[in-house]
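Basically the UniProt record's numbering = 1-based index in the sequence shown + 240. Ideal Cβ positions, reconstructed from N, Cα and C, are used throughout, including at glycine.
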Amino acid sequence: KKVKNTDDKLQHEPLPRKPAVYVDVIRSEEIQQARMKLPILAEEQSIMETINENHIVVIAGETGSGKTTQLPQFLYEAGYALKKQIAVTEPRRVAAVSMSQRVAEEMNLSNREVSYLIRFEGNATDQTRIKFMTDGVLLKELQSDFLLSKYSVVILDEAHERSVYTDILIGLLSRIVPLRLKKGDPLKLVIMSATLRLADFISNERLFRMPPRVINVESRQFPVTVHFNKRTPDNYLKEALNKIRKIHTKLPEGGILVFVTGQREVNWLVQKLRKAFLFNRKRALKGSEAKAKKSEEVKDGEIADQDLDDEDAGLKKGHRKRRKVKVIPQIDLDDYSIPGDIEFDSDEDGEDHEDTLSSDEEENGAVESQEGSRATTQPLWALPLYSMLPIHKQRMVFQPPPEGCRLCIVSTNVAETSLTIPNVKYVVDSGKCKVKLYDKVTGVTGHVVHWCSKAAANQRAGRAGRTQPGHCYRLYSSAVFNDTFAEHSPPEIQQKPVDDLYLQMKCMNIDKIVNFPFPTAPDLMQLKTAEQRLKILGALDDKGNVTPLGRAISKFPVLPRYGKMLALSHQQELLPYTICLVAALSVQEVLLEVPIVASPNLEEAKSARQRWNATRQRWAGSGQSLLLGDNMVLLKAVGAAEYAASRGDLQRFCEENGLRHKAVVEIRKLRLQLTACIRDNVPELADIAVDPQMPPPTELQAKLLRQILLAGMGDQVAKKIMPDELKEGEEKAKFKYAYRANNMEEPVFLHQGSVLRKSLPEYIVFQEIYETNKMYMRGVAAVEPEWLPVYVPQLCNLSDPLPSPEPIYRQDTGKIHCYVSGTFGPQAWPLPRIEV
Ligand code: ADP
Ligand code: MG
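Here it is, written out as structure tokens:
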């Protein structure tokens, strides 16, 4: 109640004016001029007054108005970083890193003062004054310091994105702000958002009893003409390529920004654009001459648009011939199929997916097109942008293209609101975005490419009008837009499992999670499933309270099931292996399924595949090690990669052995981080270190590791489908690798790459089920049925002691043991008779 009172007070009585403190910042002339152009600068005074006089302020403004880069500076200059730090959270890693660098640069400060912290890396220290971080990182910090006492201000950026962590942070901070006020050590909360759907958190009485002050930053948005496609093509990538070609060869100067869905598509398109403009240098040259002539006629987007539409119409009416004979000399980008081409439609992974283009190739590509630029008058400077792009490449998108080049950035939805690319005049919008879908109950994952929302499409279009009037080309029809697009995409919290969130909240002593002031509540079913799974793990007791194990688990920066595996394995001297395993399991797609062989020679491709399968089998070991299954391959592969890295040979090693280089790099980081985390949290293990020369586990260790896997993933057990269980009409051959998962009806299969296809053990645990043409299991290991009651007691239904054989006293345990029978899981698989 007291908290509520202060809450009212802070909304009603203006705070006494703070004496003005000005901390000098010396900016370069160039920076100062760029800043002056930002709409938010004109509002500095009123924004700062509002923040000084209120505790919770919402700042809404169009993307590019200067919120992210300027607000931390305003606060710094007003003295907010003198005694404590300024925290800025971003839902995306790429934004946290990139923005901290930009702000440091603008303020003439080093990364010791303006720093960042994301899951695997950072340069933030106690000296840091402005700290950019991902929202997940701040949430973790809350666990050890619930009042966030080292910060004077928390800025939650990109709140409209509705990432799970930002949502939770809003809920938590709505309570923390009054608590800090009560302590006499006030904390300011600034929520920043694009001008989208503010109502969810502003007029949400569970969150804020009184709506917080909202400042709208006026923005200078130039008109953007939106052009819909007449038809919606099946292949939006090819269509995008076409459209870019048309824009580039026919329309006046100005950068192009292209939105597609994932890293793979981005790289594919960039590669195509670069190749096209390199191989057809002569034609490109001619094309640009023609363009120079034409440019007098084509000055304005209106004419240009007609031009584009004419061509569309021409295509439709069967005027293909005209294009075949190439009246307008230009590169035939339609001819884009090359051997070893990536099948982008079956891309299973989201943003984090590695491309098949190695970074070397990418670099060369850039150089090549630069060379191309000397030969032609107007080459296209095509750059990729996605969240996992290395930092130095991210920075390139902000730099002007080389003299005489047109800038073309191919991006995932990172460029939708997080990053503003300068000088974009044309936006090409596929209208698609990739969503990772989870089945709320079974946890089955899959990536789907969806239509994005109307709000997102409009946001994308807006990117074309930052500096001048622009054009947005939508690669779909207006009918599709009107009838199929949702108004907004649903908040992330309603789309993913909330296990780690649930446990973290429980550890923060938030008892009734159902009553938590979520901006949008996750559905009840999801919360229930999370609670269920945490109970099976033993992280929560029957009443739903956190167990000591649960607390230990929550300390690890990984999913609860992996946290449990780590928490368990220090007793078995298995920790280095488990760390390695967990690191590998937390990173997606370490092993490439089939090596990408660029050779057009089928035989060669086939033998490469065979070599790779052989390597995998060799890695899988034998005996107990083989039963550790695909996880064993991971373990050994990562160990070997580590060794290669210590000799500076990692890249080549990965290429030769079908490992994804970037995944291995990430695993190494995570291994170090986990090791440090364990060192700090488990005193008796204070001297563990990552051993680059970790030997493969012994037979016994391999067996123990399987038990640890079962302990962590006991809710994901599958049992081989025997021939006599097949229903009528089901072909035996098709079910050779079929299993029944304990929580699912449909059969699930061992993937083609799985080493367990040789031994086909009766019971296995799996890391995840994913769906392509069939349901496949990833990360499988064999388990013994006798282990189930021991490691997954919550899912076993055990009988009363059996009358025979008779209970006996055992000296080694000092207990009376008896035999029971029982079943496992909801499908009541019979367990063997076991001694308890
Ligand atoms: P908002 O947060 O309101 O979307 P930002 O603060 O991100 O706006 O962007 C303000 C301006 O700063 C934009 O014009 C953007 O292009 C520019 N900017 C951001 N980062 C960089 C950078 N690394 N280099 C050059 N300009 C940048
Ligand atoms: Mg921003």
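Assumed close pair residue i, residue j - CB separation to whole angstroms, cut-off 8 Å
{"i": "F448", "j": "I296", "result": "7 Å"}
{"i": "L764", "j": "Y742", "result": "That pair is no contact at about 12 Å."}
{"i": "W859", "j": "V878", "result": "Contact doesn't hold; Cβ gap of about 10 Å is too wide."}
{"i": "A701", "j": "E727", "result": "About 15 Å; that fails the 8 Å criterion."}
{"i": "V668", "j": "I484", "result": "6 Å"}
{"i": "L278", "j": "S305", "result": "6 Å"}
{"i": "G869", "j": "A1021", "result": "4 Å"}
{"i": "R980", "j": "L990", "result": "Not really, about 13 Å apart at Cβ, beyond 8 Å."}
Minimum C-alpha distance to residue i - residue among the options
{"i": "F462", "options": "Q313, S670, G705 and E656", "result": "G705"}
{"i": "G671", "options": "S627, T707, S718 and L777", "result": "S718"}
{"i": "A792", "options": "V404, G778, P492 and K486", "result": "G778"}
{"i": "Q1034", "options": "D1052, F1064, M1017 and K423", "result": "F1064"}
{"i": "L623", "options": "Q947, T657, P737 and F499", "result": "F499"}
{"i": "G1019", "options": "K307, G1062, G952 and S340", "result": "G952"}
{"i": "M339", "options": "T374, A300, G319 and T365", "result": "T374"}
{"i": "R471", "options": "G301, V720 and L940", "result": "V720"}
{"i": "P452", "options": "R333, V328 and A300", "result": "A300"}
{"i": "L1028", "options": "E1075, R267 and H991", "result": "E1075"}
{"i": "L875", "options": "L815, G710 and H991", "result": "L815"}
{"i": "R332", "options": "R402, Q383 and V957", "result": "R402"}
{"i": "P312", "options": "E353, E844, G888 and E939", "result": "E353"}
{"i": "C917", "options": "L831, I819, V905 and L949", "result": "I819"}
{"i": "E771", "options": "P737, N853 and A845", "result": "P737"}
{"i": "I649", "options": "E643, I631, Y626 and S658", "result": "Y626"}
{"i": "V1005", "options": "Y1016, K633 and K902", "result": "Y1016"}
{"i": "E458", "options": "G710, I287, K846 and Y716", "result": "I287"}
{"i": "Q285", "options": "Q310, A274, N507 and R460", "result": "Q310"}
{"i": "Y666", "options": "L438, V464 and I455", "result": "V464"}
{"i": "I948", "options": "T652, M450, Y1010 and H810", "result": "H810"}
{"i": "E1026", "options": "E985, N755 and E1002", "result": "E1002"}
{"i": "P404", "options": "I961, T760 and P1043", "result": "According to the sequence provided, residue 404 is Val. The question's Pro does not apply to it. Answer by Cα proximity: T760."}
{"i": "I370", "options": "S389, F386, K380 and V393", "result": "V393"}
{"i": "E643", "options": "L1042, F989 and W621", "result": "W621"}
{"i": "K390", "options": "V343, Q341, Y320 and G362", "result": "Y320"}
{"i": "Q992", "options": "Y316, R980, K1014 and M984", "result": "K1014"}
{"i": "A434", "options": "D397, V988 and A697", "result": "D397"}
{"i": "R646", "options": "M934, N351, L491 and N785", "result": "L491"}
{"i": "T855", "options": "S350, S994, V664 and Y977", "result": "S994"}
{"i": "T368", "options": "A344, S384 and V377", "result": "A344"}
Assigned exposure category for residue i - 16 Cβ within 10 Å defines buried
{"i": "V261", "result": "exposed"}
{"i": "residue 1133", "result": "No information on residue 1133 is available, as it lies outside the stretch 241 to 1076 that the chain covers here."}
{"i": "H467", "result": "buried"}
{"i": "L322", "result": "exposed"}
{"i": "Y1049", "result": "exposed"}
{"i": "G558", "result": "Note that G558 scores 36 on pLDDT, short of 50, meaning its location in the model is unreliable; the coordinates nonetheless yield the value given after this. The residue in question, G558, is exposed, as its Cβ has fewer than 16 Cβ neighbours within 10 Å."}
{"i": "F638", "result": "exposed"}
{"i": "D264", "result": "exposed"}
{"i": "L382", "result": "buried"}
{"i": "D574", "result": "Model confidence at D574 stands at a pLDDT of 28, short of 50, so the residue's coordinates are unreliable; what they give is reported in the following sentence. Label assigned to D574: exposed."}
{"i": "V567", "result": "Confidence at V567 is low in this model, with a pLDDT of 30, below 50, so its placement is unreliable and the value that follows should be read with caution. With fewer than 16 other Cβ atoms within 10 Å, it is exposed."}
{"i": "D1040", "result": "exposed"}
{"i": "A399", "result": "buried"}
{"i": "M276", "result": "exposed"}
{"i": "A958", "result": "buried"}
{"i": "L940", "result": "exposed"}
{"i": "H488", "result": "buried"}
{"i": "M962", "result": "exposed"}
{"i": "P630", "result": "exposed"}
Any non-hydrogen atom of the ligand GTP within 7 Å of residue i CB
{"i": "P759", "result": "This structure lacks the ligand GTP; the ligands present are the ligand ADP and the ligand MG."}
Minimum Cβ-Cβ distance from residue i to chain B less than 8 Å
{"i": "L281", "result": "Any reference to chain B falls outside this structure, which holds one protein chain only."}
Along the chain, which unbroken stretches of the alpha helix (DSSP H) at least 4 residues long are found entirely within the segment 620 to 681?
Under the rule that a run must span 4 or more residues, the alpha helix (DSSP H) segments found entirely inside the segment 620 to 681 read 631 to 636 and 654 to 657.
Who's in the neighbourhood of the ligand MG, going by beta-carbon under 6 Å from any heavy atom, listed in chain order?
Checking every Cβ against the heavy atoms of the ligand MG under 6 Å gives K307, T308 and D397.
Can you check the segment 385 to 464 for any beta strand (DSSP E) of at least 3 residues that lies completely inside it and give the ranges in chain order?
At a cut-off of 3 residues, the continuous stretches assigned as beta strand (DSSP E) that sit fully inside the segment 385 to 464 are 391 to 396, 428 to 433 and 453 to 457.
Taking only runs of the alpha helix (DSSP H) that begin and end inside the segment 965 to 1031, which ones reach a length of at least 4 residues, in chain order?
Counting whole runs of 4 or more residues, the segment 965 to 1031 contains the alpha helix (DSSP H) stretches 1027 to 1031.
Tell me the start and end of each unbroken beta strand (DSSP E) in the segment 275 to 330 that is at least 3 residues and wholly inside, in chain order.
Entirely contained in the segment 275 to 330, the beta strand (DSSP E) runs reaching 3 residues are, in chain order, 296 to 301 and 325 to 330.
Restricting to runs no shorter than 4 residues, where is the alpha helix (DSSP H) found entirely within the segment 473 to 499?
DSSP runs (the alpha helix (DSSP H)) wholly in the segment 473 to 499: 476 to 490.
What runs of the alpha helix (DSSP H), each 4 residues or longer, lie entirely inside the segment 723 to 791?
If you keep only unbroken alpha helix (DSSP H) runs of at least 4 residues inside the segment 723 to 791, you get 739 to 747 and 764 to 777.
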